[in-house]
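**Q** Numbering-wise (this note's numbering), the sequence shown opens with residue 24 and increments by one.
The C-beta atom is built at its ideal place from N, Cα and C for all residues, glycine as well.
Pasting in a structure now, in structure tokens, and then I'll have a few things to ask.
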Amino acid sequence: APYTLLAITPLPKALESGHEKFWNFAMKVPNRGDRFVPFTLKGSLFQQPLTELSSACDGCGETPCCKLIMQMFGKRMIIASATVCSSISGGTAGWVPRTTDEKTGRGVAWSNSL
């Protein structure tokens, strides 16, 4: 791949070069999750993730497991956990990296021990 494809560009420079229109387009693409059965592995992957977090410790499966579980059951889910990767990476409050469903406005109720 050409080096320019992998280069990190500062946000102001990217906006000046026209990337804002690409971002705006990406934010308007509708969720296609309703075309699939959400309780199958394939269908769950098309559901809106209710976590906006992709970091974890090396070899840790907690964050991808949380993402998958939230895609399958998140609109009616309550999570109580010890402080783990998703809580630490989420900032000082456990709800920071969570989002809500676009149609219902519901999201995951999350609490941790610390």
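Compare the Cα-Cα distances from residue 53 to each of 124, 132, 131 and report the closest residue.
**A** For residue 53, the nearest C-alpha among the options comes from 124.
**Q** Report the residue from 103, 122, 98 whose alpha carbon sits nearest the alpha carbon of residue 61.
**A** Here the closest residue by C-alpha is 98.
**Q** Report buried or exposed for residue 117, applying the criterion of at least 16 other Cβ atoms within 10 angstroms of its Cβ.
**A** For residue 117, the predicted structure reports a pLDDT of 49, less than 50, and the residue's modelled location is therefore unreliable. A value from the coordinates is still provided. Per the 10 Å Cβ criterion, buried.
**Q** Beta-carbon within less than 7 angstroms of residue 72's beta-carbon, same chain only, minus the 5 sequence neighbours each way: which residues are those?
**A** Correct list, in chain order: 90, 93, 94.
**Q** Which residues in the same chain as residue 56 place their Cβ atom closer than 7 angstroms to its Cβ, once the five residues preceding and following it in sequence are excluded?
**A** Excluding sequence neighbours, residue 56 sits near 69, 70, 71.
**Q** Would you decide whether residue 40 is buried or exposed? Buried here means 16 or more other CB atoms lie within 10 Å of its CB.
**A** Its Cβ having fewer than 16 others within 10 Å, residue 40 is exposed.
**Q** Using a Cβ-Cβ cut-off of 8 angstroms (strictly less than) and excluding sequence neighbours within five positions of residue 130, which residues of its own chain qualify?
**A** So the qualifying residues of the chain are 73, 97, 98, 121, 122, 123, 124.
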